[in-house]
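Sequence order for the protein chains is A, B, C, D, E and F. Position 206 of the first sequence, counting from 1, maps to 194 under my numbering, and the rest follow consecutively. When you read off a place in the second sequence, starting at 1, and then add 836, the result is the number in my numbering. When you read off a place in the third sequence, starting at 1, and then add 97, the result is the number in my numbering. When you read off a place in the fourth sequence, starting at 1, and then add 85, the result is the number in my numbering. When you read off a place in the fifth sequence, starting at 1, and then add 58, the result is the number in my numbering. When you read off a place in the sixth sequence, starting at 1, and then add 94, the result is the number in my numbering. Glycine included, C-beta positions come from ideal geometry on N, C-alpha and C. For reference, the structure is listed below as structure tokens.
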Amino acid sequence: MESKRLKTIPEKVIIPLKQHNGVACKPLVNKGDQVLIGQKIGESVSYYSSDVHSSVCGEVLAIENAPNPDGNKVLSVIIKAVDSEETVAFVPANNPSQKDLIAIIQGAGIVEHYGAPTHTVLKPEGKKIDLVLINATASEWIGGKYATPTEYASQMMDALKLLMKASGALKGAIIVRKDDNDSIEAFEGVKVDGKALRVAPLLGTRRLGHYFKDQGSNIVVASQERILGRNILNFFTYNVTGRKVALGCNPTDVGVAVCGVKSAKALYDAVHEGKPYYETVISMEGAVNCPELIFVRIGTPFKDIISECTFNGEIGKIIANGVITGIAQYTDEVPVTKGTTRITLLTKEQVLRDESLDCIHCARCVDACPVSLLPTRLHVLAEQGRFDECRQMHIQFCIECGRCSFACPSKIHILQLIRYAKNAIEQAYEDATPKESSNLKLGCCGGE
Amino acid sequence: MNDTTTFLIESMAILGGLGLAVGLMLIFASKKFKVETNPLVEEIISVLPGVNCGACGYAGCSDFAERVVNENAPITGCPVGGFDVAKEIGGIMGQEVAEGEKQYPFIKCHGGLNCVDRFEYVGFEDCKAVMMLSDGEKGCSYGCMGRGTCVRACPFDALYIGDDRLPHVNKNLCTSCGLCISSCPNDILVFAKESERVHVRCVSHDKGKAVKEVCAVGCIGCKICEKNCPEQAITVTDFLAVIDQDKCTACGICVEKCPQNTIETR
Amino acid sequence: MVEKALFAIFLEGVFIKNFLIIQFLGLCSFVGVTKDVKSAAGMSGAVIFVMAMASTASYLLYTYILVPTEMTFLDLISFIVVIAALVQLVEFVVRKNIPSLYRSLGIYLPLITTNCAVLGVVLLNVQSQYNFMQSVVFGISAGVGYTIVMLMMASIRERSTFVSIPSSIRGLPQAFLIATMLSLAFVNYFWVIPI
Amino acid sequence: MNVFSEFMRGITRDNPIFGLVLGLCPTLAVTTSVENAIGMSAGTAFVLVCSNIFISAMRKQIPSAVRLPIFIIIIATFVSIVRMIMEAYVPSMYTALGVFIPLIVVNCIIIGRAEAYANKNSIFPSFIDALGISTGFLLVLMVIGGIREILGTGQIVSFGYTLLSLPVNPAVTTMILPPGAFLTIGILMAVVNYQRAKKRAKGG
Amino acid sequence: MSESNKDTVVVIGKLVLISVVAALLLAITYIPTQQQLELNVIAAQKAILAELVPGADNFDPVEGPANAEGEREVLYYRAVDESGNIVAYAFFQRQQGSQSMIVVAGAVDSSFSNVLGMDVLSHEETPGLGAKITTPAFQNQFRGVPLQQLALSRSGGSIDAITGATISSQAVVNALNTKINQVKAAEA
Amino acid sequence: MDYTISAPPHIKSKFSFSSINRAKILALIPVSLASVYFFGMPALGIILAASLAAVATEYSIQRIFKKKVTIMDGHAALIGLMFALLTPPEAPIWIPIFGAFFAIAIGKHAFGGIGSYIFNPVLVAWVFVRSAWGDFMTPASIPSLGQLSDLVLENGAGLLVDVSPILLLSGVYLVYKKYIEWRVPLVFALTVFFFNQTVAFLSAVIGLIQEGVLNPLMYLSTMFIFLEVTDELSYVMVGIVFFGILFLATDTPTTPVTKNGRLIYGFACGLLVSIYGYFGNYVDGTIYGIFLANAIAAYIETKTLPAMFGHESLLERSYKRIMKRIPPSLKYEVISDE
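Next comes the structure, spelled out in structure tokens:
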């Protein structure tokens, strides 16, 4: 699982100042400034924010709204890159305390791929975390500097311990994919506290609690089926730990911090090398002839990555973050951000242009739904604007996995309609889902 | 003959007795089981036909009256009473439909096919849905996307998307309810009176060059109309011409002069 | 033997002589109050109650007042007066004493006075020369049959709001088309049951 | 007041079936033949006209608190009269219409017109109104009855005369069964709605 | 007496008055129509009897035992020809059909071997289905049927049931069978 | 206009409405061929007439009302074919034509077209035609399973579809390939096949009670009734019942969408079919039973809406409560929330 770097440094990079959910950063540079690799160019202005660093050496061309992979335009720093690898001085931390770790995470700009700044996940205001999970089911291997898979696995273990230390949690777990034999093998070879690790499958009604007891360890690795979805945190937490997360809350409300592989690796690098989060690994998929994993700088426009690859046919669709839940891009000028995990390219012929027909009530979507919703009814209610009834049918529980749309023989854009309704509900009922930065939700959600 | 008389008297006695009994019982019951109700409701009940036929869709006249008072049921909901009853209920509820000049929605964008698309969209046909995926399909981020959110908002089928990918209003069906206007994410639709003849069909605040790149009929803020208007009814602010309808005499000079054909008479 | 006859009357009243879709009695409420399941259920509950009550009252009136005095030609007028008065009375009582019941069932009571299903039950009782128990059972069974069809109709119409229907068919025409199908099903299915 | 337009209103805009949607039960139940339809609407017309006249004549005397019971008594009286006369002089018709003759008493058309019109207008307009509504009712019943009879039995036989006879047989028996009634009125209503929507879109 | 009580009395008075007037109107209509009704019934019965037994000159009613009020119910009729011989027995029988009571008229020859005919005096069966028992096509099947064959064809008899209206057809057959047996027993 | 934008997911399954319809038509072709082989030209005429009439009706309705013409999705042809299979071979040719017309015009389009109809159009048409011209639609004989070879080729076949029950099992392949949902047919079939056994069992038990038998072994022995094959089963193992289970009841717009709802619906179908079959025959029983079940499908759906995700069902709650009572030493495995 070797990952490759891009051969050339991109002509210019576009670094959005807001690569996380929360408050946008304040730019620290002006037009015309010279920057170095790893230089902080955006400073967080609140706890719910994360620093942004330059990934190249060069000159700031502009600070303006530029396209972002999430579909909207975001204030970004555009830097003209020069061919230089000059970095600012990186200071590795030596046995940092919990407080130091939180500061390192925020300062290194580590952000979960689902958007939350990692330090707010580990140390949410007013909440106590007692379990840290690394979700390795959805995102790919981070790659980077390691010789053998086992070394990678032990790096992960170290990262998990760092995360646990940062959050003050006593227990931690890594969840890998059931069919990902490489990872499972890698972890089977690692020793934790002198004991050989066993990857435990989550079977039936067994939850993590069982394995903590069973293995007599505070750190376990478990395997699970792959879950995709843009809103899976609560569902993932419930599936893995059995803790129910109330609507409008997130796993931190029940004492669980869910981190990604990338942020774990980034923390590892930040602590051991002092390196901020300015590089990431993305995978290329689709009709493309390319190494599967590519090590890129954050801010690299998609077109530079695409031009490194050979492509069979004409590009019809560029999708960031996977074909099931990803977002299609209307331009290849969008940059790789901390939230980007993969890029999928489809040819013109592969692009689906299905016209949606009337619902035939075949209930395939109902069978496919992992959270027992009735997508067949929700999509109609959404289309007719009956959002009240959508709420009564628990539309907020949708994890946006897209299985309903995938299964639909009438090719109805069910997921899009559900998101449309959720969006409308959020606007109409501002109290329904508390805003992220507000403390209103404190105490509203307890675990069970 | 005697038999017949007895028969008549007997039948009268029975039915009369029944009427008496029923009347007494009801009056007794209504006194004994009196429940205080909203006087407004009572008043409406007294105007309503009292047939309790259920044709209004509610459970009888008193239910309908209660819904009118408490839940804003339409005052025209009673099909039996018809218009007269509706007027009376309106009098009680203090609702008067002011019969002013009729207003219709007006589409303030003329882009449609004249405006370039940035990408091909496949999915749920709705402007807001497109907005959720990106900031709009058209090159002009102010203009009408023509995906028909307003059409679907109209409960009277009065709007439709024409061949030019712009919404059109069928005035015969329009009731001026304003639902389409509030549904538009880009605020393209506004109410316009029939007497207001001349309109600027553009809402773009982009600079002239940017507009020209994407739209053949957008307002470029050239100020020709402003200079030529004899009534000084047009002002260009922020690269967009605005007509003051109070001053406009519909002379048509601006319509002729506009290089982009943005201003229109209808 | 008596029990079986009662059961036969019950089955007949519910299915074979279903008031709504075989005998066409009470159609106003059928098309008016079946827009959602909840109100259909409330209406049906009220109908069952009033039908049972009206059957009782009218039987007593007919047997003990009209027949002895040979005033049977006054049946129609006296029945309607008695039903109207009874419904009104019940409404008063329920409204005063059990407000919660009034909200769920009582608001449908006035709708029933002029519901031909209730008067129909009473007249059919007299016409079929049922005795007291038979009258009451027939009244209840008519109400149960009414309920079943109302619930079917209401849930179907509720489901119909989730699908696209041409605007000229939406509403009453659709309700009648559904009634056609229900009627076809009832006419053809239930005669097979031997009673 | 234009007598003619007042009369026509009952046939077109305030048509009891397609306009006001009242009195559905007899409409569906007795329209197995044109003959029954005529008999039913004649009975209804008699009651409607009489009660409209009676109530509008007495409207000043009726206390509003008990107006409904009094209306019901008046209507029930006329219905009973119709019933007895029919039973005595046209027994075949009486048998065919069955329980629906006494059920005229709860026909919403009658009590609806009594309340909405006769209670507020003087005798002559009430009379015209009743005539118009009755004619509208008669026409609708005859149309439905005609459709059902011609399809259901292959011919229209009224009062002993064969008015129309289809060469094609066998007839669609379903049409004179209950489902046929629902089907006919459902399709008729859809057609009426379709025409109305078309007219409205054109600006009618 | 307070104002409201006075109102109450007026209201009730008017209610009673209306009821009384209504009763009067009804009673006045009732008397002539009732007479007409009785005439109708008798005329109808006579017509049917004459049609069923064309050869008969007179019909002698056979009355049952008197009931509590001293009225005697007519059980059946003996049809006598000009010379006074009994040619047939005719009768009316009430029977529950699929929708209502059917009053069936029938006649059987004096030797109780053949049914002479059947007619329906009154019924309220479903139009188009059960109501077909009044059609000649159905009624003619009964002319001259031997008593043993008086059953629906599905039970081995010679009467074809009306399609879709087996219950009504069965009711007619049952009515005839029951009554003929009764007459037979009474005459024996 | 370089790239295409759409909402996720960007790939979709291969199933489409037309592929499902095509699969169903293909699955019905063997039995159609068998009926042509057995009944000869009349069967071929009926099948062709019904299919063509259905397609023609759909085409003209969609042209008249200016809708998109969707005859290529195969739904109209499928309805026509299914109606033809439910026609007796003796029927005059205008019966399938009218039936197909009625199915499409009233059964499908008057209710709003694909997905909007509440009653299976085939059944709507069949029930209407049957009640209008009962003589033509009554099969010459009520099919029953005389010997096992009747499963392959039924000699006393009534309707076209009764000709060969075994060929209808192509529907099982459709279930396997997920063209047809499995819950309804499974529960339906189980209910139909066990109904008579249950009736026999109950009557045996009641008989024992009436005789005053107290020996529990006698009662237990009546359980063996479920193992034997009752005579009634020969009336159940016929083509039309198989057809009803696999093709008529599984028409998706007429089934509830909820998972539990589909189970209940299957049971309701089975029960209604069996009751009619028990008193009457299974030919009419299958049709009328499913038709009536269609009417209550919407009610079943409203009553089985799924609870909030993660909400414990009654079963789970009671299980947990029982497990709490048991001392931990006795427990092997418990649902644990840590």
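Asked                                                                                                                                                                           : Found
Considering only DSSP beta bridges, list what B:K1059 is partnered with.                                                                                                        : BP columns for B:K1059 are empty, so no partner.
Here's a check: name, in chain order, each residue in its chain whose Cβ is nearer than 7 Å to the Cβ of E:A114, leaving out the five neighbours to either side.                : A137, V138, D139, V145, A146
To the nearest whole angstrom, what separates the beta carbons of A:K305 and F:H104, a pair I think is in contact under 8 Å?                                                    : 7 Å
Buried or exposed for A:R341, going by 16 or more other Cβ atoms inside 10 Å?                                                                                                   : exposed
Please list, in chain order, the chain F residues whose beta carbon lies closer than 8 Å to that of B:L1104.                                                                    : In the structure displayed, chain B extends from 837 to 1102; residue 1104 of chain B sits before or after that span and is not available.
Would you tell me roughly how many angstroms separate the C-alpha atoms of F:I173 and F:L122, rounded to the nearest one?                                                       : 11 Å
Could you check whether C:V179 and B:L854 sit closer than 9 Å to each other, using their CB atoms as the reference points?                                                      : yes
Classify F:I384: buried if its beta carbon has 16 or more other beta carbons within 10 angstroms, exposed otherwise.                                                            : buried
Determine the DSSP secondary structure at F:M331, reduced to helix, strand or coil.                                                                                             : coil
Rounded to whole angstroms, what is the Cα-Cα separation between A:S360 and A:L403?                                                                                             : 15 Å
Between the Cα of C:S169 and those of E:Y88, E:F170, E:Q153, spot the shortest distance and give me the residue it belongs to.                                                  : Per the sequence shown, the amino acid found at residue 169 of chain C is Thr instead of Ser. Among E:Y88, E:F170, E:Q153, the Cα nearest to that of C:T169 is on E:Y88.
Roughly how many angstroms separate the alpha carbons of F:E326 and C:F283, rounded to a whole number?                                                                          : 25 Å
Are three or more beta carbon pairs between the stretch 157 to 176 of chain D and the stretch 75 to 94 of chain E nearer than 8 Å?                                              : yes
Determine whether the Cβ of C:K135 lies closer than 9 Å to any Cβ atom of chain B.                                                                                              : no
Who does A:K159 pair with in a DSSP beta bridge?                                                                                                                                : A:L119
Taking buried to mean at least 16 other C-beta atoms within 10 Å of its own C-beta, is F:T292 buried or exposed?                                                                : exposed
Report the rounded CA-to-CA distance for D:F139 versus D:F212, giving the unit in angstroms.                                                                                    : 10 Å
Hey, quick one: how far does the beta strand (DSSP E) through E:V118 stretch, first residue to last?                                                                            : With the sequence shown as reference, residue 118 of chain E is identified as Asp, and Val is not the correct amino acid for it. Element bounds for E:D118: 116 to 124.
Does any residue of chain F have a CB that is nearer than 9 Å to the CB of A:T240?                                                                                              : no
Touching or not, the stretch 97 to 108 of chain A and the stretch 249 to 265 of chain A, by the rule of three or more beta carbon pairs under 8 Å?                              : yes
Chain C partners of B:M861, CB-CB under 8 Å?                                                                                                                                    : A182, L186
Assign E:M176 to one of three DSSP states: helix, strand, or coil.                                                                                                              : strand
For A:V359, name the three-state secondary structure that DSSP assigns.                                                                                                         : coil
With a threshold of 8 Å, are at least 3 pairs of Cβ atoms found where one atom belongs to the stretch 217 to 227 of chain E and the other to the stretch 350 to 364 of chain A? : no
Starting from A:A416, trace the alpha helix (DSSP H) both ways and give me its first and last residue.                                                                          : 402 to 416
Starting from the Cα of D:A266, find the closest Cα among C:I119, C:M249, C:T153 and give me that residue.                                                                      : C:I119
Considering only the alpha carbon of each residue, which of B:A1086, B:D899, B:S1018 lies closest to B:E1030?                                                                   : B:A1086
Buried or exposed: A:T298, going by 16 or more other Cβ atoms within 10 Å of its Cβ?                                                                                            : exposed
Would you decide whether C:S197 is buried or exposed? Buried here means 16 or more other CB atoms lie within 10 Å of its CB.                                                    : exposed
Can you tell me whether DSSP reads D:N192 as helix, strand or coil?                                                                                                             : coil
Would you say E:L95 faces chain B, with C-beta separation under 9 Å as the test?                                                                                                : no
Could you please give the first and the last residue of the uninterrupted alpha helix (DSSP H) stretch that includes F:P433?                                                    : Any question about residue 433 of chain F goes unanswered here, given that chain F covers just 95 to 432.
According to DSSP, is B:A934 part of a helix, a strand, or is it coil?                                                                                                          : Low confidence applies to B:A934: its pLDDT is 45, below 50, so where it sits in the model is not reliable enough to give any reading.
Of the residues C:I162, C:K193, C:I174, which one's Cα is nearest the Cα of D:R168?                                                                                             : C:I174
Closer than 8 Å by beta-carbon distance: list the chain D residues that pair up with E:Y88, in chain order.                                                                     : M169
Note down, one range per segment and in chain order, each alpha helix (DSSP H) of at least 4 residues found wholly within the stretch 280 to 343 of chain F.                    : 310 to 315, 327 to 330, 333 to 337
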